[in-house]
Amino acid sequence: MAENDFPGWHGTTIIGVRKGGRVVVAGDGQVSLGQTVIKGTARKVRRLSPGGYDVVCGFAGSTADAFTLLERLEAKLEATPGQLQRASVELAKDWRTDKYLQKLEAMLIVTDGTDLLVITGAGDVLEPEHDVTAIGSGGNYALAAARALMDSDMDAEAIARRAMSIASDICVYTNGNLTVESISG
Numbered sequence: 388m389a390e391n392d393f394p395g396w397h398g399t400t401i402i403g404v405r406k407g408g409r410v411v412v413a414g415d416g417q418v419s420l421g422q423t424v425i426k427g428t429a430r431k432v433r434r435l436s437p438g439g440y441d442v443v444c445g446f447a448g449s450t451a452d453a454f455t456l457l458e459r460l461e462a463k464l465e466a467t468p469g470q471l472q473r474a475s476v477e478l479a480k481d482w483r484t485d486k487y488l489q490k491l492e493a494m495l496i497v498t499d500g501t502d503l504l505v506i507t508g509a510g511d512v513l514e515p516e517h518d519v520t521a522i523g524s525g526g527n528y529a530l531a532a533a534r535a536l537m538d539s540d541m542d543a544e545a546i547a548r549r550a551m552s553i554a555s556d557i558c559v560y561t562n563g564n565l566t567v568e569s570i571s572g
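Numbers given in this note's numbering equal positions in the sequence shown, counted from 1, plus 387.
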């Protein structure tokens, strides 16, 4: 198989929902290579506690790249305790300018229960307008479903779970094996 014929890794839908003083980050467990499901139970949502400061992170993309970024984020948070936005901007700047980090292929959703941010390798730190954000293969499906549910009586976790269920029904690279982490501001 030639390098250009590599079918590519697919998988991951991560959603972040902020409602009622809580933020929930949920992610599915599927990793696919081309048309083959390699693993259905990957854990792509994690809780970090640098210096006792809780942050929930979800990642899409290369796992090794995401772990490199999570380690860097943790170091930035230790240097700027309690300042998720500042740490995220510092990470994005490094990611954009460092020759090694530029090659990393991942995206992150991060929250401390107050801020909800998406960090990209293009140097972006984005805060969602409607208290919902999503990344990954099924991200647009989950985002649309969650936005439609935001006016309902459902809480943040119920919205995230339902949106992920809808995404897994539509996107072949998303499954229903969820990891869900909740954090209050």
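We treat Cβ as the ideally placed atom computed from N, Cα and C, and that holds for glycine.
Considering just the uninterrupted stretch of the beta strand (DSSP E) at G436, what are its terminal residues?
One-based indexing of the sequence shown puts residue 436 at position 49. Looking at the sequence provided, one finds Ser at residue 436 rather than Gly. In the DSSP annotation of this structure, S436 is not part of any beta strand (DSSP E), being labelled neither H nor E.
Is it right to say E568 is buried, meaning 16 or more other beta carbons lie within 10 angstroms of its own, or is it exposed?
Counted from its first residue, the sequence shown places residue 568 at position 181. Taking every protein chain shown into account, the CB of E568 has 16 or more other CB atoms within 10 angstroms, so this residue is buried.
Identify, in the order they occur along the chain, each residue of the same chain with its Cβ nearer than 7 Å to the Cβ of T561, setting aside the five sequence neighbours on each side.
The sequence position of residue 561 within the sequence shown is 174, counting from 1. Excluding positions up to five away in sequence, the list reads T400, D415, Q417, S524, G525, A554 and S555.
What are the complete beta strand (DSSP E) segments, minimum 3 residues, inside the stretch 466-543?
Whole beta strand (DSSP E) segments, 3+ residues: 493-498, 503-506 and 519-523.
Near K463, what residues of its chain come up, given a Cβ to Cβ distance below 6 Å and the 5 sequence neighbours on each side ignored?
Numbered from 1 along the sequence shown, position 76 holds the residue referred to as residue 463. The beta carbon of K463 sits closer than 6 Å to those of A474, E477 and L478, all from its chain and outside the five residues before and after it, given in chain order.
DSSP three-state call for L457: helix, strand or coil?
If you number the sequence shown from 1, residue 457 lands on position 70. Three-state result, L457: helix.
Pick helix, strand or coil for L420, following the three-state DSSP scheme.
Here residue 420 refers to the residue found at position 33 when the sequence shown is read from its first residue. For L420, the secondary structure class from DSSP, reduced to helix, strand or coil, is strand.
By DSSP's criteria, G407 is part of a beta bridge. Which residues make up the other side?
Position 20 of the sequence shown, counting from 1, holds the residue named residue 407. According to DSSP, which records beta bridges pairwise, G407 is partnered with nothing at all.
If you reduce the DSSP assignment to three classes, tell me which class S569 lands in.
Counting from 1 along the sequence shown, the entry for residue 569 is found at position 182. In the structure shown, S569 sits in a strand (DSSP, three-state: E or B).
Roughly how many angstroms lie between the CA atoms of V519 and P437, to the nearest whole one?
The residue given as residue 519 occupies position 132 in the sequence shown. The residue given as residue 437 occupies position 50 in the sequence shown. Distance between the alpha carbons of V519 and P437: 25 Å.
Give me, in chain order, the residues of the same chain whose beta-carbon lies closer than 7 Å to that of V559; leave out the 5 immediate sequence neighbours on both sides.
As a working note, residue 559 is residue 172 in the sequence shown. Within the same chain, no residue comes within 7 Å of V559 by CB-CB distance, once the 5 residues on both sides are set aside.
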